[in-house]
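A.B. asks: Protein chains in written order, with my numbering: chain A, 478 to 714; chain B, 478 to 714.
The C-beta atom is built at its ideal place from N, Cα and C for all residues, glycine as well.
Here it is, the structure in full.
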DNA sequence: CGAAAGATAACTGTTGACAGTCTGTAGTCG
DNA sequence: CGACTACAGACTGTCAACAGTTATCTTTCG
């Protein structure tokens, strides 16, 4: 996700080193996340190639990358499909997220900078004022706090792993309206988490994150269970 | 609901479904892990294609997959290279491994089957007898115990994530002779871990795994530090 | 003699065509 | 009338050639 930053003085600004495959990947990724390409739908290579005015080569490459990103499933000699996660897979993914973010919280408690702590508090206040004064259609702030904590773990690889898991989880979550009602509880849980981080209490931060994400998991599973019920009524397939 | 039942005796095991890209990937993966392809060396598409008697298409696909597996780095318009990990990256990867396996231990304590527990004990005894009676050139048993625990977490996705991290970590570890001296301590740590799992004590299993892997991390870092010293003497690149 | 500039070679990115596989449909036989 | 078979269409897997970029070597100038 994050572009590798090169400091070799060769190229001050990387020209459009973007390959065609890069652009096709970006476009498809956008279409999938936005819901433009429905879950489970087929991704026809020739159609996509014609659509974007390129040949099938770059399209195949893009599909391959999206498959590794977890947004697409590839079936040999059959084609590519927008990935559909069932409840069990969502749970498994969420548990991986818990594993990663709990450890990130632990590391962050030991390594977070003072600037990081300030930013954390600022985010907290922002979300609280938003909460009291109006509608909160922003699961983004929620994610940003988590993103910040993971970043302050000081482990780029961990950050990358979390990002990948979240890309996969974003898919079913965006379908089901996501949070909203739980936001109020989440703010409390965030407050506790921040307190432990400020105190640089690794074990406390871990368990706070654990409680927070476990609650979030249960909430998500409930929402999805309802959504899945609707799906089967509409009779997909 | 009334799906037509297909009994066409196609084939119980359709394994010629292997595409050329699959085979190229497997071959390259083997060469890289075995050290046949030195760390940092270039992977020339045309050379590989000619070598295996295929065209560049499947080779590109294989390289792409290996890049996502972390064994290869791709540089735009420059080529593919066998990945070289520095100490910092190894540490980061290992921390991810810790995050994943600690959570796996926690889950396994809650979910492990009786058969799993028996197998665990069997592994433990096997490694103890090996230890007392001769040389122990087998870090494989060591890994197998971890593999078993992760499997008993009941989370396929977690299992997959651990496997991927270990593929990446195997690379620098195989270079440095790996464990050996630490095997004795490891056995003790394993015993403690198994005790917690048997007692179905999730928190205990987690912290035991945490201690075990942290010790392993420090050991690995020390070994690599020595190995890296040798490398720079030989002056590669 | 060393360094910048230009030409040349090697390699990756991309393309369009060909071949093999799978899916769905029409036809045939019991 | 139902099930098996043969066929046709569509699509993916693979290939060989072309185009653009990067690296290397030679040449030339200070």
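What residue range does the beta strand (DSSP E) around residue 676(B) cover?
C.D. replies: By one-based count along the second chain, residue 676(B) stands at place 199. From DSSP, residue 676(B) is part of no beta strand (DSSP E); its letter is neither H nor E.
A.B. asks: In the DSSP assignment, the alpha helix (DSSP H) including residue 552(B) goes from what residue to what residue?
C.D. replies: Along the second chain, one-based indexing puts residue 552(B) at 75. Run containing residue 552(B): none in the alpha helix (DSSP H); it sits in the beta strand (DSSP E), 549-552.
A.B. asks: 9 Å is my cut-off, CB to CB: does residue 518(B) come that close to chain A?
C.D. replies: Sequence index remark: in the second chain, residue 518(B) carries index 41 (1-based). No, residue 518(B) lies away from the interface with chain A (no Cβ there is under 9 Å from its Cβ).
A.B. asks: Quick check on DSSP: helix, strand or coil for residue 514(A)?
C.D. replies: Working through the first chain from its first residue, we reach residue 514(A) at position 37. Three-state DSSP puts residue 514(A) in coil, outside helix and strand.
A.B. asks: Among all the DSSP beta bridges, which residues are the ones paired with residue 520(B)?
C.D. replies: To locate residue 520(B), count along the second chain from 1; it is residue 43. According to DSSP, which records beta bridges pairwise, residue 520(B) is partnered with 557(B).
A.B. asks: Contact criterion: CB-CB distance below 9 Å. Does residue 596(B) meet it with respect to chain A?
C.D. replies: As a position in the second chain, residue 596(B) is number 119, starting the count at 1. Taking Cβ atoms only, chain A never reaches closer than 9 Å to residue 596(B), which makes this a no.
A.B. asks: Buried or exposed for residue 693(B), going by 16 or more other Cβ atoms inside 10 Å?
C.D. replies: Here residue 693(B) corresponds to residue number 216 of the second chain, with the count starting at 1. Buried.
A.B. asks: What residues of chain A sit near residue 580(B), judged by a beta carbon separation below 9 Å?
C.D. replies: On the second chain, position 103 is the one that residue 580(B) refers to. Here the neighbours are 572, 573, 575, 576, 577, 579 and 580.
A.B. asks: Given that a residue counts as buried once 16 or more other Cβ atoms are within 10 Å of its Cβ, and exposed if not, what is residue 630(A)?
C.D. replies: The count along the first chain starts at 1 and reaches residue 630(A) at position 153. When all chains shown are included, residue 630(A) counts as buried.
A.B. asks: Compare the beta carbon distance of residue 580(B) and residue 545(A) with 9 Å and say whether it is the shorter of the two.
C.D. replies: Residue numbering aside, residue 580(B) sits at position 103 when the second chain is read from its first letter. Residue numbering aside, residue 545(A) sits at position 68 when the first chain is read from its first letter. Not closer than 9 Å, so no.
A.B. asks: Just to confirm my understanding: we take residue 529(B), look at its own chain, exclude 5 residues before and 5 after, and list those with CB closer than 7 Å. What are they?
C.D. replies: Here residue 529(B) is taken as the residue at index 52 of the second chain, counted from 1. So the qualifying residues of the chain are 501 and 504.
A.B. asks: I want to know whether the segment 564-577 of chain B touches the segment 625-645 of chain A - three or more CB-CB distances under 8 Å.
C.D. replies: With the cut-off at 8 Å, the segment 564-577 of chain B and the segment 625-645 of chain A touch.
A.B. asks: What does the alpha-carbon distance come out to for the pair residue 522(B) and residue 553(A)?
C.D. replies: Here the question's residue 522(B) lines up with position 45 in the second chain. Here the question's residue 553(A) lines up with position 76 in the first chain. Rounded to whole angstroms, residue 522(B) to residue 553(A) spans 23 Å at the Cα level.
A.B. asks: Could you check whether residue 526(A) and residue 536(A) sit closer than 9 Å to each other, using their CB atoms as the reference points?
C.D. replies: Here residue 536(A) corresponds to residue number 59 of the first chain, with the count starting at 1. Here residue 526(A) corresponds to residue number 49 of the first chain, with the count starting at 1. In this structure, residue 526(A) lies closer than 9 Å to residue 536(A) by Cβ.
A.B. asks: So, for residue 673(A): in the same chain, excluding its five sequence neighbours on each side, which residues have a beta-carbon less than 7 Å away from its beta-carbon?
C.D. replies: Indexing the first chain from 1 puts residue 673(A) at position 196. Cβ neighbours of residue 673(A) beyond the five flanking positions: 586, 681, 682 and 685.
A.B. asks: CB residue 625(A) to CB residue 596(A), shorter than 9 Å?
C.D. replies: Here the question's residue 625(A) lines up with position 148 in the first chain. Here the question's residue 596(A) lines up with position 119 in the first chain. Yes; because the gap between Cβ atoms is below 9 Å, this pair is in contact.
A.B. asks: In three-state terms, what does DSSP make of residue 496(A)?
C.D. replies: One-based indexing of the first chain puts residue 496(A) at position 19. Three-state result, residue 496(A): coil.
A.B. asks: CA-CA distance, residue 695(A) and residue 643(A)?
C.D. replies: Along the first chain, read from residue 1 onward, the residue named residue 695(A) stands at position 218. Along the first chain, read from residue 1 onward, the residue named residue 643(A) stands at position 166. The straight-line gap from Cα to Cα measures roughly 16 Å.
A.B. asks: Can you tell me whether residue 589(B) is helix, strand or coil according to DSSP?
C.D. replies: In the second chain, residue 589(B) corresponds to position 112, counting from 1. Coil.
A.B. asks: Within the 9 Å Cβ cut-off, does residue 553(A) reach chain B?
C.D. replies: Translated into the one-based positions of the first chain, residue 553(A) becomes position 76. True, the Cβ-Cβ gap to chain B drops below 9 Å.
A.B. asks: As a quick exercise: from 592(A), 542(A), 548(A) and 602(A), pick the residue whose alpha carbon is nearest that of residue 628(A).
C.D. replies: In the first chain, the residue the question calls residue 628(A) occupies position 151. The shortest Cα separation from residue 628(A) among 592(A), 542(A), 548(A) and 602(A) belongs to 592(A).
A.B. asks: If you measure beta-carbon to beta-carbon, which residues of the segment 615-647 of chain B are closer than 7 Å to chain A?
C.D. replies: Under the 7 Å Cβ criterion, the segment 615-647 of chain B contributes 632, 633, 634, 635 and 638.
A.B. asks: Would you verify that the beta carbon of residue 689(A) is, or is not, closer than 9 Å to some beta carbon of chain B?
C.D. replies: Taking the first chain and counting its residues from 1, the one referred to as residue 689(A) is at position 212. Cβ-Cβ to chain B under 9 Å: no for residue 689(A).
A.B. asks: In angstroms, rounded to a whole number, what distance separates the CA positions of residue 665(B) and residue 539(B)?
C.D. replies: As a position in the second chain, residue 665(B) is number 188, starting the count at 1. As a position in the second chain, residue 539(B) is number 62, starting the count at 1. About 41 Å.
A.B. asks: If the cut is a Cβ gap below 9 Å, which residues of chain A does residue 697(B) touch?
C.D. replies: The sequence position of residue 697(B) within the second chain is 220, counting from 1. Those do not exist, as residue 697(B) stays about 15 Å from chain A at its closest Cβ, beyond 9 Å.
A.B. asks: Could you check what DSSP says for residue 602(B) in three-state terms: helix, strand or coil?
C.D. replies: Looking up residue 602(B) in the second chain gives position 125. Helix.
A.B. asks: Which value, in whole angstroms, describes the spacing of the CA atoms of residue 506(A) and residue 602(B)?
C.D. replies: Your numbering for residue 506(A) matches position 29 in the first chain. Your numbering for residue 602(B) matches position 125 in the second chain. Cα to Cα, the separation comes out at about 50 Å.
A.B. asks: Are the CB atoms of residue 516(B) and residue 561(B) within a distance shorter than 9 Å?
C.D. replies: One-based indexing of the second chain puts residue 561(B) at position 84. One-based indexing of the second chain puts residue 516(B) at position 39. Cβ atoms of residue 561(B) and residue 516(B): closer than 9 Å.
A.B. asks: Distance check for residue 555(A) and residue 524(B), CA to CA, integer angstroms please.
C.D. replies: Stepping through the second chain from its first residue, residue 524(B) is reached at position 47. Stepping through the first chain from its first residue, residue 555(A) is reached at position 78. Cα to Cα, residue 524(B) sits roughly 30 Å from residue 555(A).
A.B. asks: 9 Å is my cut-off, CB to CB: does residue 542(B) come that close to chain A?
C.D. replies: As a working mapping, residue 542(B) is identified with position 65 in the second chain. Yes, because at least one Cβ of chain A sits closer than 9 Å to the Cβ of residue 542(B).
A.B. asks: From residue 598(B) to residue 566(B), what distance separates their C-alpha atoms?
C.D. replies: Counting from one through the second chain, the residue named residue 598(B) turns up at place 121. Counting from one through the second chain, the residue named residue 566(B) turns up at place 89. Cα-Cα distance, rounded: 34 Å.
A.B. asks: Pick from 623(A), 661(A) and 557(A): whose alpha carbon is nearest that of residue 578(A)?
C.D. replies: Here residue 578(A) is taken as the residue at index 101 of the first chain, counted from 1. With distances taken between Cα atoms, residue 578(A) lies closest to 623(A).
A.B. asks: For residue 681(B), name the three-state secondary structure that DSSP assigns.
C.D. replies: Position 204 of the second chain holds residue 681(B). Three-state result, residue 681(B): helix.
A.B. asks: Taking 9 Å as the threshold (beta carbon to beta carbon), is residue 673(B) in contact with chain A?
C.D. replies: Within the second chain, the letter at position 196 stands for residue 673(B). It does not: the Cβ of residue 673(B) has no partner Cβ on chain A nearer than 9 Å.
A.B. asks: Among residues of its own chain, excluding the 5 on either side of residue 519(B), which ones have a beta-carbon nearer than 7 Å to its beta-carbon?
C.D. replies: The residue labelled residue 519(B) in the question sits at position 42 within the second chain. So the qualifying residues of the chain are 556 and 558.
A.B. asks: With DSSP run on the structure shown, which of helix, strand or coil describes residue 425(A)?
C.D. replies: Because chain A spans 478 through 714 in this model, residue 425(A) falls outside it and cannot be assessed.
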